[in-house]
Amino acid sequence: MNAAYLVPAITLFNEDGTLDLVSQERLYNNLIENGVDGILVEGSSSEFFAMDMEQRREMARFAIEKVAHRTKLIIGTSSMVANEIVSFSNYCLDAGADAVMILPPYYFHFGPEALLQYYDRLAKEIHGPIYIYNFPDNTGYTIPPETVLQLALMHPNIVGLKDTIMGMDHTRELIKIVKSRVPSFEIYSGFDDNFARNVMSGGNGCIAALSNLVPEITSAWVRAFRENDLEGIALGQQKIDRLMDLYSIRSPFLPVLKEAIKLRGIASSSAGTFPMPNATIEDDARILELLAKEGIR
Numbered sequence: 006m007n008a009a010y011l012v013p014a015i016t017l018f019n020e021d022g023t024l025d026l027v028s029q030e031r032l033y034n035n036l037i038e039n040g041v042d043g044i045l046v047e048g049s050s051s052e053f054f055a056m057d058m059e060q061r062r063e064m065a066r067f068a069i070e071k072v073a074h075r076t077k078l079i080i081g082t083s084s085m086v087a088n089e090i091v092s093f094s095n096y097c098l099d100a101g102a103d104a105v106m107i108l109p110p111y112y113f114h115f116g117p118e119a120l121l122q123y124y125d126r127l128a129k130e131i132h133g134p135i136y137i138y139n140f141p142d143n144t145g146y147t148i149p150p151e152t153v154l155q156l157a158l159m160h161p162n163i164v165g166l167k168d169t170i171m172g173m174d175h176t177r178e179l180i181k182i183v184k185s186r187v188p189s190f191e192i193y194s195g196f197d198d199n200f201a202r203n204v205m206s207g208g209n210g211c212i213a214a215l216s217n218l219v220p221e222i223t224s225a226w227v228r229a230f231r232e233n234d235l236e237g238i239a240l241g242q243q244k245i246d247r248l249m250d251l252y253s254i255r256s257p258f259l260p261v262l263k264e265a266i267k268l269r270g271i272a273s274s275s276a277g278t279f280p281m282p283n284a285t286i287e288d289d290a291r292i293l294e295l296l297a298k299e300g301i302r
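Residue 6 is where the sequence shown starts when you use my numbering, and the numbers rise one by one after that.
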């Protein structure tokens with residue numbers, strides 16, 4: 006069965022706000038060695054929204070160099086400035102990224118006609134594969150499936166979409182409407198616990214953040230699907246359902262995820278971008294309790 010689990014890799018920082026590239030390379034190597042199907046750099050989990058363009062280019066260059074085509078690499082190039090998106094996207098593609106991922110414009114809500122115009126322009130000017138990133142909780146609105154279908158039919162380089170919505174209603178409609186006309190179009194869920202439902206509905210899997218922490222579990226889940234191992238599929242769902250409690254320890258959840266990765270010995274620091282809060286001693290206790298229950302060290 007077709008199934009893939011990609012990692013929206015976190016960005017690791019030193020306490021002074023510079024990139025912690027030593028820990029970052031350790032993270033990438035751990036993900037790849039544990040069999041992930043791809044890595045997304047500079048997605049929401051990366052804190053791209055609080056990084057200036059110079060730092061974003063540095064992160065992209067580093068990721069391309071260190072991933073080195075060992076797995077699929079997508080770079081998030083979202084911005085509120087279209088020319089900046091085009092320039093950064095082509096920079097990443099020319100340097101060796103496999104694809105880029107782009108949010109719709111946020112702050113104001115845009116309708117189907119404006120979204121069609123937006124992605125139409127970007128697709129014409131970006132010379133490589135593009136994934137659309139639908140994240141209504143953070144942009145304030147959702148991209149209609151019919152608009153996605155129009156774009157997929159207009160532009161062969163618009164190859165897929167990440168749908169970060171808690172339920173499956175919108176993702177299910179995307180699968181029905183878009184993949185029925187463009188079967189090669191890839192549709193991923195953005196929450197870990199929707200992986201199985203996505204694949205069973207005809208989608209491609211997920212791009213979700215728990216895989217930063219437990220790539221061995223998410224990769225085993227993918228193997229279970231590929232081997233039609235019903236018991237393994239159920240086991241993976243149950244493990245991930247329990248690990249989803251990490252997201253509710255703190256909001257935003259990124260400090261908790263970073264702290265958990267630090268506790269597993271992958272990151273040197275759980276520092277984030279200002280004003281992201283730090284994890285607390287109480288957070289650590291809850292993280293360690295949750296990991297211990299799953300036998301994760």
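For each residue, glycine too, the CB sits at the ideal point set by N, CA and C.
A Cβ-Cβ distance of about 10 Å is found for the pair Asp-25 and Ser-275, leaving them out of contact under the 8 Å criterion. Under the three-pair Cβ rule at 8 Å, the region 229-247 counts as touching the region 6-25. Taking the Cα of Ile-79 as reference, the smallest distance to any Cα among Gln-243, Leu-166, Asp-289 and Asn-39 is reached at Leu-166.
When secondary structure is reduced to three states using DSSP, Leu-166 falls in the strand class. Within its own chain, the residues whose Cβ lies closer than 8 Å to the Cβ of Met-281, once the five positions on either side in sequence are excluded, are Glu-52, Ala-55, Pro-257, Leu-259 and Pro-260, listed in chain order.
Here the alpha carbons of Ile-15 and Ser-189 stand approximately 28 Å from one another. Cα atoms of Ser-49 and Ser-84: separation of roughly 12 Å, rounded to the nearest angstrom.
Taking C-beta separations shorter than 6 Å and ignoring five residues to either side along the sequence, Glu-151 has no partners in its chain.
Counting along the chain, no alpha helix (DSSP H) covers Ser-194; the unbroken beta strand (DSSP E) around it starts and ends at 191-194. In this chain, Ala-276 is not harboured by any alpha helix (DSSP H), its DSSP state being neither H nor E. Nearest to Cys-97 by C-alpha distance, out of His-114, Ile-266 and Glu-59, is Glu-59. With fewer than 16 neighbouring CB atoms inside 10 Å of its own CB, Thr-23 falls in the exposed class.
Distances from the CA of Thr-176 to each of Ala-157, Leu-156, Arg-186 and Cys-211 were compared; the closest alpha carbon is that of Cys-211.
At least 9 Å separates the beta-carbon of Ala-104 from that of Ile-148.
In the three-state reduction of the DSSP assignment, Met-106 falls in the strand class. Between Met-173 and Asn-143, the gap from beta carbon to beta carbon reaches 9 Å or more. In summary, Ile-286 is exposed, with fewer than 16 beta-carbon neighbours lying within 10 Å of its beta-carbon over all protein chains present.
A residue is called buried when at least 16 other Cβ atoms come within 10 angstroms of its Cβ; Ala-214 meets this threshold and is buried. The beta carbon of Ser-94 is closer than 6 Å to those of Thr-82, Val-105 and Ile-131 in its chain, skipping five residues each way along the sequence.
Phe-196 is classed as buried because its beta carbon has at least 16 other beta carbons within 10 Å across all chains shown.
Restricting attention to alpha helix (DSSP H) runs no shorter than 4 residues, the region 213-258 encloses them at 215-218, 220-231 and 235-248, ordered along the chain. For Asn-199, there is no enclosing alpha helix (DSSP H), since its DSSP letter is neither H nor E.
Boundaries cannot be given for Lys-184, as no beta strand (DSSP E) includes it and DSSP labels it neither H nor E. In this structure, DSSP gives Ile-148 a state outside helix and strand, which the three-state scheme calls coil. Residue range 87-100 is occupied by the alpha helix (DSSP H) that includes Asn-88. Contact between Leu-127 and Val-91 is confirmed by a C-beta separation of about 7 Å, below the 8 Å threshold. Taking C-beta atoms under 8 Å as the contact rule, Ala-65 and Glu-47 qualify, at a distance of about 7 Å.
Taking C-beta atoms under 8 Å as the contact rule, Tyr-111 and Gly-145 qualify, at a distance of about 6 Å.
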